[in-house]
Amino acid sequence: TYLPRKEVSVEEQIKAVILKPNEAVRLRAKKEMVDRDGIARETGEEWLNRTIGSYLPLAYEEVVSTVKAYVLTDKKALHLRALGTFIDSFKHKRLNGEEWLVYARDAETYIPDVFEEVVGVVAVTVLNSRQYAVIIDPVGSDGKPQLGKKKL
Numbered sequence: 041t042y043l044p045r046k047e048v049s050v051e052e053q054i055k056a057v058i059l060k061p062n063e064a065v066r067l068r069a070k071k072e073m074v075d076r077d078g079i080a081r082e083t084g085e086e087w088l089n090r091t092i093g094s095y096l097p098l099a100y101e102e103v104v105s106t107v108k109a110y111v112l113t114d115k116k117a118l119h120l121r122a123l124g125t126f127i128d129s130f131k132h133k134r135l136n137g138e139e140w141l142v143y144a145r146d147a148e149t150y151i152p153d154v155f156e157e158v159v160g161v162v163a164v165t166v167l168n169s170r171q172y173a174v175i176i177d178p179v180g181s182d183g184k185p186q187l188g189k190k191k192l
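Have a look at this one:
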């Protein structure tokens with residue numbers, strides 16, 4: 041129990057956030073600081089903490105929101121867009137504006153990072169023997185879109 045002296049005032053009371061499995065808390069630095077993992081953070085920088093259990097923010101951390109994971113199946117994929125250049129959780133370098141899909145074979149559940157925007161959930165398209173598809177701007181073997189090309 042903390043009993044403040046008369047020259048000390050209580051600015052705010054910070055409550056702990058309870059994180060369940062497949063949840064993360066999005067945090068923002070109020071000023072330059074070093075977080076619990078020893079990483080230096082700039083003022084206004086945002087990051088995710090994915091540790092399960094109760095999380096009590098530090099004095100210069102602000103809780104922005106709680107982020108829930110997307111559940112991926114064989115019939116669904118997650119369409120993402122990069123909001124800035126960064127290295128994603130699969131260790132791929134993503135450039136600003138780049139778009140990609142996360143499949144169930146990559147991860148069963150996926151929590152988008154702070155530099156990722158969810159464009160939407162994409163359903164699998166199944167064709168029968170009498171149908172065909174023309175893919176405009178297909179993705180090459182390196183994972184980059186081949187703009188201006190078509191693939192049958």
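Take 41 as the starting number for the sequence shown in the working numbering and just add one per residue.
Where is the CB? At the ideal position from N, CA and C, for every residue including glycine.
Residue state for residue 126 is assigned as strand, using DSSP reduced to three classes. The alpha-carbon of residue 108 is positioned some 13 Å away from that of residue 148.
The beta carbon of residue 186 lies closer than 6 Å to those of 178 and 180 in the same chain, with the five residues before and after it left out.
In the DSSP assignment, residue 178 forms no beta bridge with any residue. In this chain, the beta strand (DSSP E) harbouring residue 108 covers 101 to 108. Distances from the CA of residue 130 to each of 152, 96, 137 and 106 were compared; the closest alpha carbon is that of 152. Residue 158 has its alpha-carbon roughly 23 Å from the corresponding atom of residue 69. Boundaries of the beta strand (DSSP E) harbouring residue 94: 93 to 95, taken from the DSSP string.
A Cβ-Cβ separation of about 15 Å leaves residue 96 out of contact with residue 64 under the 8 Å criterion.
With respect to the 8 Å criterion, residue 122 and residue 156 are classified as neighbours on the basis of their beta carbons. By the criterion of a C-beta distance shorter than 6 Å, residue 75 is surrounded in its chain by 81, once the five residues flanking it on both sides are discounted.
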